[in-house]
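If you're matching them up, the sequences are chains A and B in order. Just so we're aligned, residue 8 is where the first sequence starts under the numbering used here, counting upward by one. Just so we're aligned, residue 28 is where the second sequence starts under the numbering used here, counting upward by one. Built from N, CA and C at the ideal position, the CB exists for glycine as well. Notes for the one structure printed next.
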Amino acid sequence: MPYRPHSRRDFLKTASAATLGALAAGAPRLFAEPEEKITPTADCVIVLWMAGGMAHTETFDPKRYAPFEKGMESKAVLSTFPSIPTAVDGVKFSEGLEQMASVMDRGTLIRTAMAEDLGFILHSRHQFNWHTGYVPPQSVAAPHLGAFIAKALGPRDPAVPPFINIGQRFDLGEGEELKAFTTAGFLGSEFGPFNIPFPHDAARAVRPPAGMTPDRFENRDRFYRRLLDASPIGQVGSQYQRESFLRSMDNAHRLLSSPAAKAFDLTLEPPASLAKYVPAGFDATKIDSAKQNRDGDYEAATVGRFGLGCLLARRLAESGARYIEVTTEYIPFLNWDTHENGHTRLVNMKKMIDAPIAQLIRDLEERGLLDRTLVVLASEFSRDMMIEGKEGVQVRAQSRVPDRIEELKYYGMHRHFTEAGSVLLWGGGMKRGYVHGATADERPCKTLRDPVSITDLHASIYRAVGVSPKLSYTIEERPFYVTKDGKGRPVMPLFART
Amino acid sequence: MKLIPPMLLALASVAVAASNDKLPPPATRPVDFEKEIKPLFEAACIKCHAKGKDKGGFSLETREAFLKGGDTGPGAVIGKSGDSNIVELVAGLDPDSIMPKKGSRWTPEQIGLLRAWIDQGASWPKDITFAKPAPLNLNPREVAVTDRPNLQPIDNLLATYFAAKGVTFPSPVEDRVFARRAYLDLIGLLPSPEQLDAFLADPSADKRAQLVRRLLDDKRGYADHWLTFWNDLLRNDYKGTGFIDGGRKQISGWLYRALLENMPYNRFVAELVNPTKASEGFSRGIIWRGNVNASMLPPMQAAQNISQVFLGVNLKCASCHDSFINDWSLADAYGMAAVYSDDKLELIHCDKPTGKTAAPRFLYPEIGELDPALPKAERLQKVAEIITSPKDGRLARTIVNRLWERMLGRGLVEPLDDMEKPAWNRDLLDWLAEDFVAHGYDVKHTLEVIATSHAYQAPTVEAPREKEEFIFRGPQTRRLDAEQFADAITALADDWGRLPSSMEFDFTAGDLVAGLKTPQWIWTDEPVQVGPQRVAIKTAKAALDGAKKAASAVLKSADTATQNGTLTDEMKAEVERTLATVTAGQAQLAEAEKPRAASAGPILPETDRHRVVFRKVFHLDAVPVEAYAAILASQSWQVQVNGREVKAKQRDGFRNGRIALLDIRPMLVAGDNAIVIDVSSHTEKQMNDIERGKYPGSLIHLNPQSGLAFYARLVPTAGGAAQEITTDETWHVRRSPEGRWGAVDFAEGEWTTAKALPANVTPIDEGPSLEPIHRDDFANLPVQLGSQLTPVISTVAQPGHIRASLLASDPLQVALDRPNREVVIPARSTAATTLQALELTNGATLDARLHKAAARFAPEAASDVTAWTDRIYRYAFSRPPSPTEREIAAEMLGRTPTTDNIADFLWAIVNLPEFQLIN
């Protein structure tokens, strides 16, 4: 039996009753904590997902510019772009993000988002961790953040699916791993994602199948209802099942024929407004053919695709969606997953996100929606030139970095880094023009103070929509919390009013 | 042993009086333990300090344990309640350690009672304990069924139950309802109108029992349907997380065979608990790269899954900490996990190491002790014996409860995975379990007993509302699962898949396919290293390595001795001896490496990229109606038929797809045909990557030789005798020139005949799942793939339909709640949701299927709309349409229906609740 001195207890016996009373009053007690009542500051959440690992030093937390020189030491590489000013004094972004810099005065920047230490290798594991709050694998199917919010709050508009997921395909590399967390898990498919891999094609998701005219669709439904009335339904099935059946058909029909369905149709957007989201000459139909070209053409071809996703998110937020996620799309070794050519590819990635995100913020503000819409930009982890994961940790199968750089392709942030990362928040009750935390100015540019864990970031997002981080749902008779083990704590300095 | 400095002791003794002042006074009347103290303990203490749990080392299961106390000393001092640990704790003397930790604090009156009880001698009758109760539903129990000899036992027991509950025994549903239910429940398909009519017309009295037997005897229908149930339960799938880097294995081949052959359940479980290569995918769990919670390490996954699936025990909470929802402790979970651990397993409490090592232990030592000293292989064998022993009544109860739920919509015990809960009819559960065991653990037998009972044939009833007491009155309405729905639609469209999504299904099992011609492995004309030689080389290498190690150690000590001037003659001799061993080892290796059975013909110089082409020319009188082929190759391959490239329809899950299924029919012509297959080792880029060390230990193919097995089955006319084309020594082979290779017109003289793998090489049975192939394993690849040959060619030859359960999921099935099988799924959600309805209304999958069906039906529907409508109604609902329905259908379809009309009508039919529910 382990020895435990009880001098404290024995000592307390000598204390006066008054002292004991005073001590007891402040004693920590582990009562089942009542779920606190939280006044929401947001009704809608838009997550802009920088899939593949976005380097903070190349984007929203630039450091000293170390221009490319043939033969330079690899470890001397710091930011590969110069910094630019933002709308907030003293806050700088990396070159190529000028438009986002111009809306920084409306946002909050977390410089110290910490990815968990999972062994650093598989992107989809970290994405699972970010999106569910839990480390895979789990013994029950863990729900996505969007599913939790859909379940906790329900749809904002009964005709619009509460959780809409834009821009990710599941038939490419690690697709199965992505599916594992892009799900409502044990909450049931009712709260699962409404997936729209191609935003230009979103209208098709809520439109009758190809070749079906509106008249025919209405006709089909009319006959369906007549056959339904005629069938000996009273004798068939339980009342509950019949009712849920018919309700679901009604809901689907309502969305298809509702005004909200128009939100999905990007052709209804005025050309002038559309142009603010996509570059001139963008041809959505080319995306498919560009598919998995690893030479960089893919990114060029998809610049406008993410822009369309942002535009679709804005339209859906206007029409009553609850949770929307727009991703730059995760495909191994593409987009933000820069294991080579980090510098040159980031030029393109910035083109992909800069204008549309800034425009999304401006549009939401202009429409008076920004106050009640929380926009979150995040990534599964950051990147560094030399370090894989955490300082001092040796990781298998990391990308090769030569001691000296002779070719441009080695210039950039090519290794996964978990000791700092940037997250941007706009609206939904967050402060404006605020920067949280600080990172080191020299490599490795890790967190110096005020780290924000995924769990606490989630707690902050939940708090904004009025959900306690301790909210739980029962699965197999045990509680499963919206933040890891119910331990998330909102980062209160992020909020404008507390 | 407590070590309290004398100073503090003095303080403490002074303090007693003071502390007594702060405690509520003891009650002044006699206190009764059972009536007054026991309820207090039950409310406040036993959750953490009884039923096998002893937080802080303290248990109050018995009086002795209570008095003995825990880490902080005795629980109580008899006669001195003021000095008793427990009194101080519940009184909250130390604000940092108040008991109970959770829940409301004790009132002064309650503390007074406790004090008085301690002061009065803490009497506690011996027969009252808070020990873990004997687990429910564990020991086998015979149930005598004697009351009503004319009823079968299920109905007999239920008659007693109904009488007690005041429920009238329901009368059976009519034949058509029964038929639809039995078909869907036993083989997962709707009865066709012809099957239905034959059944309705059958005058025999026991036709229902006959139908049940007939359906259960349909090996393939049964296996295809129950595959879904088992895939969910054993979380087996063809795609999913973990496959990406070999962190997961399918058991598809093993499972399908087990179902086709109706493997007795005790053997089935034993083979999953103590697995073969083919069945190890279940207990191996899913391994993702990177760090994993201690509670999800593979041995713990095995413990969780085996306990949940076979014993109805939830260990998931107890994998991190003593469970709050049941009596399982962290030590229990780790005991079970340790069974599957290769190394010593340390108990981790909520990700914090405890320093304690788990001893392998079976969950219920009362039904079988496990010697913790056994090595892993024997341990697994022992656990398999215990879990399937007749003493384990839980195994049978858990599975019959699952079967009952499948057939009647609700388990005898709910939840299905919590078999420690009481059944709503214990006799029925126990009788079913005993009967199952008495019939050799035959799942089909139990299904037959259930399906022929009046209980199963009763009309469906509503599920009880929440919090309403459950009273069994008949089966609950169930919904078609995603696979049943997909199959029903596919059957309508007659658009069955030809190839499954896994290469592991062996259709020779259950004699579905027989008499296949087996292809031979053919090789280049270059010398090959085959199995025995590889083994010899490996052995020689190992011996040489050992000799070198020994020699260098001896040399080192000799060196030291030389420096110190202490070198002896014995040492010198020892050096000579070890060096001689090395020389001998080198010679042995050289001998082993000598080419064996070198064939005649030129030996081509080694190049960094080896590519050969195999060729077969054959004659066809006419283009066949079907021509599928299987290829198994040692490395990357490309197939051309008559100069046209053939793309794989299915590949195995690994890079470069060494196994694939092809459809070669579109390339075939009447007359001479040539199949040309290029098999090449790594590409130049791969070579560079290897040089750069980019893929250390990865799946890059480095074999300098190329080998191939190929099987094609050409069916000349529907139902005609198939022509098989297989690799053998009549095939030709040549080294491929760089660049163009695919044409069939290489000069004849450049070809030589292929060599078949020597007949005396026995393929090593690696099991159906492919391990990642590493470089040094490569030369043996055809031998390793040997066991895969039969499943793959049997897939080409299988004549039937591929059902949804053998295919990967699609958006329609996902919407209908087909789960991704990352975790064990005991029962699926049956809720109808908006997302489902959207998929049903707009989804491309259903729409495409219905249009295919419409095109197929168009002529039939056009010739007689009424007859066709009737047929669809009978097919979909097992009943003819009513006059009203006929009218609506006629109006909807028009006099000569277009395919759009037909598709819309079918859409309406399959979306009616009557179609989607099992009534």
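Item: At a Cβ cut of 7 Å, what residues of the stretch 914-932 of chain B count as close to chain A, listed as they run along the chain?; Value: Ile915, Met919, Asp927, Asp931
Item: Write down the C-beta distance between B/Phe309 and B/Ile278 rounded to the nearest angstrom, noting that I regard them as a contact closer than 8 Å.; Value: 6 Å
Item: Is A/Gln405 close to chain D? Criterion is C-beta to C-beta, closer than 8 Å.; Value: Of the chains in the structure shown, none is chain D; the protein chains are A and B.
Item: Put B/Gly133 into one of helix, strand or coil per three-state DSSP.; Value: Strictly speaking, residue 133 of chain B in this sequence is Trp, with Gly absent from that position. Note: B/Trp133 maps to coil in three-state DSSP.
Item: Can you pull the chain B residues whose beta carbon is under 7 Å from the beta carbon of A/Asn258, in chain order?; Value: Thr861, Ala864
Item: Go through its chain and collect everything with a Cβ distance to A/Val54's Cβ below 6 Å, but skip five positions before and after it.; Value: Glu332, Val383
Item: At a CB-CB cut-off below 7 Å, which residues of chain B make contact with A/Ile128?; Value: Arg316, Gly317
Item: Measuring alpha carbon to alpha carbon, tell me which residue in B/Gln237, B/Thr779, B/Ala460, B/Ala404 is nearest B/Val300.; Value: B/Ala404
Item: Any Cβ of chain B within less than 8 Å of the Cβ of A/Ser429?; Value: no
Item: When the cut-off is 8 Å and only beta carbons count, does B/Ile271 lie next to chain A?; Value: yes
Item: Can you name the residues of chain A whose CB is closer than 8 Å to the CB of B/Met434?; Value: The premise fails here: B/Met434 is roughly 16 Å from chain A at the closest Cβ pair, so nothing lies under 8 Å.
Item: Quick one: grab the DSSP three-state call for B/Leu741.; Value: strand
Item: Please report how far the alpha carbon of B/Arg437 lies from the alpha carbon of A/Phe170, in whole angstroms.; Value: 32 Å
Item: Give me the residue from A/Arg470, A/Gly316, A/Ala279, A/Glu398 with the minimum Cα distance to A/Arg504.; Value: A/Arg470
Item: Can you tell me the Cα-Cα spacing of B/Gln137 and B/Gly84, whole angstroms?; Value: 24 Å
Item: Could you tell me which residues DSSP puts in a beta bridge with A/Cys51?; Value: A/Thr380
Item: In three-state DSSP terms, what is B/Glu495?; Value: coil
Item: Give the list of continuous alpha helix (DSSP H) stretches no shorter than 4 residues that lie fully inside the stretch 419-460 of chain B.; Value: 420-435
Item: Tell me which residue opens and which closes the beta strand (DSSP E) that B/His481 is part of.; Value: That residue, B/His481, is in no beta strand (DSSP E); it is neither H nor E in DSSP.
Item: Where A/Leu431 and B/Tyr900 are concerned, what is the direct C-alpha to C-alpha distance, given to the nearest angstrom?; Value: 58 Å
Item: Among residues of its own chain, excluding the 5 on either side of A/Arg36, which ones have a beta-carbon nearer than 6 Å to its beta-carbon?; Value: Bear in mind that a pLDDT of 32 at A/Arg36, under 50, signals an unreliable position, so the number given afterwards is only what the model happens to contain. For A/Arg36, where only same-chain residues beyond five positions count, there are no Cβ hits under 6 Å.
Item: Output the boundary residues of the beta strand (DSSP E) element that contains A/Phe100.; Value: 99-101
Item: For B/Pro651, I'd like the list of residues in its chain whose CB is within less than 6 Å of its CB, leaving aside the five on either flank, ordered along the chain.; Value: Leu741, Val742, Pro743
Item: Using C-beta distances below 7 Å, list every residue in its chain close to B/Pro486, excluding the 5 sequence neighbours before and after it, in chain order.; Value: Pro197, Val200, Gly501
Item: At a Cβ cut of 8 Å, what residues of the stretch 322-347 of chain B count as close to chain A, listed as they run along the chain?; Value: Ser322, Met323, Gln328, Gln331, Asn341, Lys343, Cys344, Ser346
Item: Within 8 Å of any Cβ in chain A, is that where the Cβ of B/Glu941 sits?; Value: yes
Item: Compare the C-beta of A/Tyr488 with all C-beta atoms of chain B and state if any pair is closer than 8 Å.; Value: no
Item: Could you tell me if B/Leu459 is buried or exposed, where buried requires 16 or more neighbouring beta carbons within 10 angstroms of its beta carbon?; Value: buried
Item: Under three-state DSSP, which class holds B/Ser909?; Value: coil
Item: Where does B/Pro940 fall in DSSP's three states?; Value: helix
Item: Going along the chain, which residues of its own chain have a beta-carbon closer than 7 Å to the beta-carbon of A/Glu40, five neighbours each way excluded?; Value: For A/Glu40, the predicted structure reports a pLDDT of 44, less than 50, and the residue's modelled location is therefore unreliable. The matter cannot be settled from this model.
Item: Give a yes or no on whether the minimum CB-CB distance between A/Val400 and chain B is below 8 Å.; Value: no
Item: Closest by CA to A/Met79, which one among A/Leu415, A/Arg229, A/Gly495, A/Pro486?; Value: A/Leu415
Item: Just to confirm the assignment, what range does the alpha helix (DSSP H) spanning B/Trp315 have?; Value: From DSSP, B/Trp315 is part of no alpha helix (DSSP H); its letter is neither H nor E.
Item: Of all the options B/Gln590, B/Ser584, B/Val609, which has the alpha carbon lying nearest to the alpha carbon of B/Glu597?; Value: B/Ser584
Item: Using a C-beta cutoff of 8 Å, does B/Ser909 count as contacting chain A?; Value: yes
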